[in-house]
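**Student:**
There are 4 protein chains.
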Amino acid sequence: MRSDFLHQAPKTGPGRPRNRETHAAILAAVAGLLAEGGYPAVSIEAVAARAGVGKQTIYRWWPGKAELVLEHMIALAATMPAPDTGDMIADLRIFLRATCQAWIVGGTGAVVAALMAEAQVNPAFAQLFFQHLIGQRRAALREVLQRGRGRGDLSAGQDLDLLLDMIYGPMWYRLLLGHAPLDDGFIDQLLAGLGLVRKGGESANTPTLSG
Amino acid sequence: MRSDFLHQAPKTGPGRPRNRETHAAILAAVAGLLAEGGYPAVSIEAVAARAGVGKQTIYRWWPGKAELVLEHMIALAATMPAPDTGDMIADLRIFLRATCQAWIVGGTGAVVAALMAEAQVNPAFAQLFFQHLIGQRRAALREVLQRGRGRGDLSAGQDLDLLLDMIYGPMWYRLLLGHAPLDDGFIDQLLAGLGLVRKGGESANTPTLSG
Amino acid sequence: MRSDFLHQAPKTGPGRPRNRETHAAILAAVAGLLAEGGYPAVSIEAVAARAGVGKQTIYRWWPGKAELVLEHMIALAATMPAPDTGDMIADLRIFLRATCQAWIVGGTGAVVAALMAEAQVNPAFAQLFFQHLIGQRRAALREVLQRGRGRGDLSAGQDLDLLLDMIYGPMWYRLLLGHAPLDDGFIDQLLAGLGLVRKGGESANTPTLSG
Amino acid sequence: MRSDFLHQAPKTGPGRPRNRETHAAILAAVAGLLAEGGYPAVSIEAVAARAGVGKQTIYRWWPGKAELVLEHMIALAATMPAPDTGDMIADLRIFLRATCQAWIVGGTGAVVAALMAEAQVNPAFAQLFFQHLIGQRRAALREVLQRGRGRGDLSAGQDLDLLLDMIYGPMWYRLLLGHAPLDDGFIDQLLAGLGLVRKGGESANTPTLSG
DNA sequence: GACTAACCGAGACGGTACGTCCCGTCTTAAG
DNA sequence: CTTAAGACGGGACGTACCGTCTCGGTTAGTC
Chain F
1 MRSDFLHQAP KTGPGRPRNR ETHAAILAAV AGLLAEGGYP AVSIEAVAAR AGVGKQTIYR
61 WWPGKAELVL EHMIALAATM PAPDTGDMIA DLRIFLRATC QAWIVGGTGA VVAALMAEAQ
121 VNPAFAQLFF QHLIGQRRAA LREVLQRGRG RGDLSAGQDL DLLLDMIYGP MWYRLLLGHA
181 PLDDGFIDQL LAGLGLVRKG GESANTPTLS G
Chain X
1001 MRSDFLHQAP KTGPGRPRNR ETHAAILAAV AGLLAEGGYP AVSIEAVAAR AGVGKQTIYR
1061 WWPGKAELVL EHMIALAATM PAPDTGDMIA DLRIFLRATC QAWIVGGTGA VVAALMAEAQ
1121 VNPAFAQLFF QHLIGQRRAA LREVLQRGRG RGDLSAGQDL DLLLDMIYGP MWYRLLLGHA
1181 PLDDGFIDQL LAGLGLVRKG GESANTPTLS G
Chain B
2001 MRSDFLHQAP KTGPGRPRNR ETHAAILAAV AGLLAEGGYP AVSIEAVAAR AGVGKQTIYR
2061 WWPGKAELVL EHMIALAATM PAPDTGDMIA DLRIFLRATC QAWIVGGTGA VVAALMAEAQ
2121 VNPAFAQLFF QHLIGQRRAA LREVLQRGRG RGDLSAGQDL DLLLDMIYGP MWYRLLLGHA
2181 PLDDGFIDQL LAGLGLVRKG GESANTPTLS G
Chain V
3001 MRSDFLHQAP KTGPGRPRNR ETHAAILAAV AGLLAEGGYP AVSIEAVAAR AGVGKQTIYR
3061 WWPGKAELVL EHMIALAATM PAPDTGDMIA DLRIFLRATC QAWIVGGTGA VVAALMAEAQ
3121 VNPAFAQLFF QHLIGQRRAA LREVLQRGRG RGDLSAGQDL DLLLDMIYGP MWYRLLLGHA
3181 PLDDGFIDQL LAGLGLVRKG GESANTPTLS G
């Protein structure tokens, strides 16, 4: 019944049907609070007050504030386009640069980091977070890689899941630590370090044993 | 005055000197609470009660519960040995496997993840966390790499900071997500993916462009 | 339309007629909840859930939970017989002992006390409570007294309303305080204290000025 | 530790001592809310807000709002003087008239009625209510009667507890029902009905068997 | 040896948010 | 048009911790 972003059947039986406007008002309040004070500014009480809604109405549909924010982030993530230029390397550049842009410029980085934190402590939420947000991003990136493999841009034996970890891993690491930039140069260095460079190109930074 | 793990001068003037046993009791209480209920079980009130200590005594020395836990983790991390076998690849394997062991088997993974979360939201703490815990681990790993570079196991032009990100990144990513194991095989795959294999070895999973 | 125990006209117009079984189910639910947890256990939501009825159905016929409980108590009170032995003192004894029995043994005392409380705060309910429950009991007792006066057991000038207060007052007082028993002996003492003893009897406890 | 009106020792051990002003502010807030909206206007949240106090501070010292109001009423009741004119009948008149005055004119009647209600439902509170408020009033009235008995105004065999019930009972009954006035005339009728009239006086309303 | 300063336990305090209960109103589909 | 179901805005509950603030009572150094 709960967790609206699971697209559960919109109810069919008797009883007053769910008010879609209320639902929208709640998510709008979440968006506003995130914009103003980030994740820590989001509290069920603040959302209820800002949305002009009873707290119970929120608890009826979401288990807690993490899921509330998650639904908002899922909606945002769904707007990110998946590039398909015919060139895997180019697609990767576009895709990953857009991700970093959203994190740093769009300000979503701090929010997903906070959700990641919540997931460490709340197993039920971790399930939803990984499945619906992380999983969605991984699937999108995997599609780019898979398309590349189909065109022969990637060796057939390549373990895609490992590769996903080796791409997203350093990106998340920099997001969380903030010790180094998440800019276009970083993406290029990252891809180069993984050997993902255009045919015939040079990858000076590729780590190799000497000689 | 604050943040005991910064090794501030132990004070000389008049007045009752600091009680070292009290300090130890507080950290012991933190350890106990972490063991029983993880990071969320740690609260200043719970620590004070368990240590038989006034809350003010805690606030006198630490800004909050995150720093309290951080000091405990720093003490743990300090016990991890830095291998030096003369073979960089072997050293890396030993070092990284030990790290994963501590996270997964030792149960510290969830705690550092929670600290990482706290750092997202608390800039003052982030400073300490990155400098004293993350920084210490990065320095240790960098030393292994640097030693390798000195012996010619690594090309001179290699950007060590980038390499650190590309090693620690995927490890942290798996720690936080828990979607795939952090075992010995993963470490080998990771190093292979970065081209960090013994001279003459095969790295079947290295991503390369076809042909 | 409201307050079913007011015997309002049972409706004649078009539309689905009122369901008598629903009405009974609601009162049965009230009775069950009273038995299990007393007055505080009765809530509109609990009654609706237990009766398998919509809350609106309850609100359509009763203004609130107090009236709901009141109707239940009225039904109970209606079963109490009015004695008529030909001897006023005997009638009083029978009547008042039965009242105390219902309160203490029957467990209705706590409920009427709670209704009395509700009446202090809710004037609309007070009106109904006094008229239909208190009033009914007063009328029954007054009839006993009046019959006695008709037979000459009571002086013609006696103020019956005052007498009612002086009989019911101490009884309610003991019910509410619970500091002393509401047993047969108390009834005898009470009547004796009011001079209501059989002709020629002794009333040792009658308070009189000395001499 | 709790229930301040029990005059518990004001704490001796270590720790910040209780703030008397806070205590006074809370009771003042209770008084204000009672004056403005009666017992139903008193809620822990409202008291805390009006007194500028945390809710926990209230719960630290009182179990709930009933005890809070009780303490206020005890303070009020303590101000009622006990008459001692040398004439028991006169004393009774003064005492009981003052009681009714406080109830009706002073507006305390509704409050004590509400407390009586709470006591029906909350045994722990009932204990306190009966002991500290009801008990105090009964003791005061008993003293008047006892003094009278000492002077011979009352027969030695009179059961004082019964007499207290027969005086307070009708008064409370009228307070709670509100069906008849609680005025000076009522007090006179009541005392007359109990045979408590001045030597040589007439008590027309004394119920007696005819003849 | 008295003074002084800081430490320490205990715990009161104002405050924020939690998650729950129930209120009385409303809005639907089914009968 | 009634009914069961149940969503909704709202108010209050009692709890958990937060970080600050007194207290009384140590426990050193310095004068």
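Residue numbers (my numbering), protein chains in the order written: chain F, 1 to 211; chain X, 1001 to 1211; chain B, 2001 to 2211; chain V, 3001 to 3211.
Here a beta-carbon is modelled for each residue, glycine too, at the ideal position from N, C-alpha and C.
This one's a predicted model, so the numbers in the text were calculated from it and none came from an experiment.
(1) If contact is defined by three or more beta carbon pairs under 8 Å, each pair taking one atom from either stretch, is the region 2089-2100 of chain B in contact with the region 2182-2193 of chain B?
(2) Using the Cβ count rule (16 or more neighbours within 10 Å means buried), how would you classify Q131 (chain F)?
(3) Does any C-beta atom of chain V lie closer than 8 Å to the C-beta of D2091 (chain B)?
(4) Helix, strand or coil, according to DSSP, for W2978 (chain V) in the structure here?
(5) When DSSP labels each residue in this structure, what does Q3056 (chain V) get in the three-state scheme?
(6) When you compare the CB of H2132 (chain B) with every CB in chain V, is at least one pair closer than 8 Å?
(7) Using a C-beta to C-beta distance shorter than 9 Å, which residues of chain F count as neighbours of V1121 (chain X)?
(8) Quick one, which of B:T2022, B:I2074 and B:G2054 has its alpha-carbon nearest L2133 (chain B)'s?
(9) Short check: CB of L1182 (chain X) to CB of M1171 (chain X), under 8 Å?
(10) Going along chain X in order, which residues have a C-beta closer than 8 Å to the C-beta of G193 (chain F)?
(11) Using a beta-carbon distance below 8 Å, is R147 (chain F) in contact with chain X?
(12) Keeping to the same chain, check which residues put their C-beta closer than 7 Å to that of G2032 (chain B); ignore five residues upstream and five downstream.
(13) Taking 8 Å as the threshold (C-beta atoms), are A1046 (chain X) and Q120 (chain F) in contact?
(14) With 16 other CB atoms within 10 Å as the buried threshold, where does V2105 (chain B) fall?
(15) Just checking: is the beta-carbon of L1209 (chain X) within a distance shorter than 8 Å of some beta-carbon in chain F?
(16) Within a Cβ cutoff of 6 Å, which residues of the same chain sit near T108 (chain F), ignoring the five residues on either side of it in sequence?
(17) Can you give me the Cβ contacts of Y1039 (chain X) inside the same chain, cut-off strictly under 6 Å, excluding the 5 residues immediately before and after it?
(18) Kindly indicate if chain X contains any beta-carbon less than 8 Å away from that of H72 (chain F).
(19) With R2147 (chain B) and L2164 (chain B) assumed to form a contact (beta carbons below 8 Å), what rounded beta-carbon distance in angstroms separates them?
(20) Is P3014 (chain V) helix, strand or coil by DSSP?
(21) Could you please give the first and the last residue of the uninterrupted alpha helix (DSSP H) stretch that includes Y168 (chain F)?
(22) Starting from the beta carbon of G2086 (chain B), find every residue of chain V whose beta carbon is closer than 7 Å, and list them in chain order.
(23) Return helix, strand or coil for L3196 (chain V), following the three-state DSSP convention.
(24) Does the beta carbon of P1170 (chain X) come closer than 8 Å to any beta carbon on chain F?
(25) Please report whether the beta-carbon of H3023 (chain V) lies at a distance below 8 Å from any beta-carbon of chain B.
(26) What does the alpha-carbon distance come out to for the pair A1041 (chain X) and A156 (chain F)?
(27) What did DSSP end up calling A156 (chain F) once you bin it into helix, strand or coil?
(28) If contact means a Cβ-Cβ distance below 7 Å, which residues of the region 2045-2056 of chain B contact chain V?
(29) Can you give me the Cβ contacts of G3201 (chain V) inside the same chain, cut-off strictly under 6 Å, excluding the 5 residues immediately before and after it?
(30) Using a threshold of 8 Å, state whether the C-beta atoms of I1945 (chain B) and L2191 (chain B) are closer than that.
(31) With a threshold of 8 Å between beta-carbons, can Q1127 (chain X) be considered close to chain F, or not?
(32) Can you say whether R2060 (chain B) is buried or exposed, counting buried as having 16 or more other CB atoms within 10 angstroms of its CB?
(33) Taking only runs of the beta strand (DSSP E) that begin and end inside the region 1080-1137 of chain X, which ones reach a length of at least 3 residues, in chain order?
(34) Below 9 Å on C-beta distance, what does L3241 (chain V) contact in chain B?
(35) So which residues on chain V does R2174 (chain B) lean against when the C-beta distance must stay under 9 Å?
(36) Rank B:A2140, B:I2044 and B:L2175 by C-alpha distance to the C-alpha of P2212 (chain B) and give the top, closest one.
**Tutor:** To lay it out plainly:
(1) The answer is yes - the region 2089-2100 of chain B touches the region 2182-2193 of chain B, with three or more Cβ pairs under 8 Å.
(2) Exposed.
(3) It does not: the Cβ of D2091 (chain B) has no partner Cβ on chain V nearer than 8 Å.
(4) With chain V running from 3001 to 3211 in the structure shown, residue 2978 (chain V) is simply not present.
(5) Under the three-state reduction of DSSP, Q3056 (chain V) is assigned to helix.
(6) Chain V has no Cβ within less than 8 Å of the Cβ of H2132 (chain B).
(7) Neighbours of V1121 (chain X) on chain F, chain order: G38, Y39, P40, A110, A113, A114 and A117.
(8) Taking only the C-alpha atoms, the option nearest L2133 (chain B) is B:I2074.
(9) The answer is yes: Cβ separation under 8 Å.
(10) Within chain X, the residues near G193 (chain F) are L1162, L1163, M1166 and L1194.
(11) Not an interface residue.
(12) Counting only Cβ-Cβ distances below 7 Å, and skipping sequence neighbours, we find R2050.
(13) In this structure, A1046 (chain X) does not lie closer than 8 Å to Q120 (chain F) by Cβ.
(14) By the 10 Å Cβ count, V2105 (chain B) comes out exposed.
(15) At L1209 (chain X) the pLDDT is 36, less than 50, meaning the model places this residue with poor confidence; the figure from the coordinates comes in the next sentence. At a cut-off of 8 Å, the C-beta of L1209 (chain X) has a neighbouring C-beta in chain F.
(16) The beta carbon of T108 (chain F) sits closer than 6 Å to those of A102, all from its chain and outside the five residues before and after it, given in chain order.
(17) V1111 and A1114, listed in sequence order.
(18) Under the Cβ distance rule, H72 (chain F) does not count among the residues neighbouring chain X, no pair being separated by less than 8 Å.
(19) Wrong, their Cβ atoms sit about 14 Å apart, outside the cutoff.
(20) Three-state result, P3014 (chain V): coil.
(21) Looking at the DSSP string, the run of the alpha helix (DSSP H) that includes Y168 (chain F) is L160 to L177.
(22) Neighbours of G2086 (chain B) on chain V: none; closest Cβ ~15 Å, over 7 Å.
(23) Of the three classes helix, strand and coil, the one that applies to L3196 (chain V) here is coil, per DSSP.
(24) Closer than 8 Å: yes.
(25) Contacts with chain B at 8 Å (Cβ-Cβ) do not include H3023 (chain V).
(26) One Cα belongs to A1041 (chain X), the other to A156 (chain F), and the distance between them is close to 47 Å.
(27) In the structure shown, the three-state DSSP call for A156 (chain F) is coil.
(28) Those would be none; no residue qualifies.
(29) Here G3201 (chain V) scores only 46 on pLDDT, less than 50, and its place in the model should not be relied on; the value that follows carries that caveat. Exclusion of the five residues before and after G3201 (chain V) leaves no residue of its chain whose Cβ lies closer than 6 Å to its Cβ.
(30) The shown model of chain B, from 2001 to 2211, leaves out residue 1945 (chain B), and the question about it has no answer.
(31) Taking a beta-carbon distance threshold of 8 Å, Q1127 (chain X) does not count as an interface residue toward chain F.
(32) Result: exposed.
(33) Residue ranges of uninterrupted beta strand (DSSP E) with 3 or more members are absent from the region 1080-1137 of chain X; none lies entirely inside it.
(34) As displayed, chain V neither begins before 3001 nor continues past 3211, which places residue 3241 (chain V) out of reach and without an answer.
(35) Residues of chain V passing the Cβ test: D3165 and G3169.
(36) There is no way to answer for residue 2212 (chain B), as the model of chain B reaches only from 2001 to 2211.
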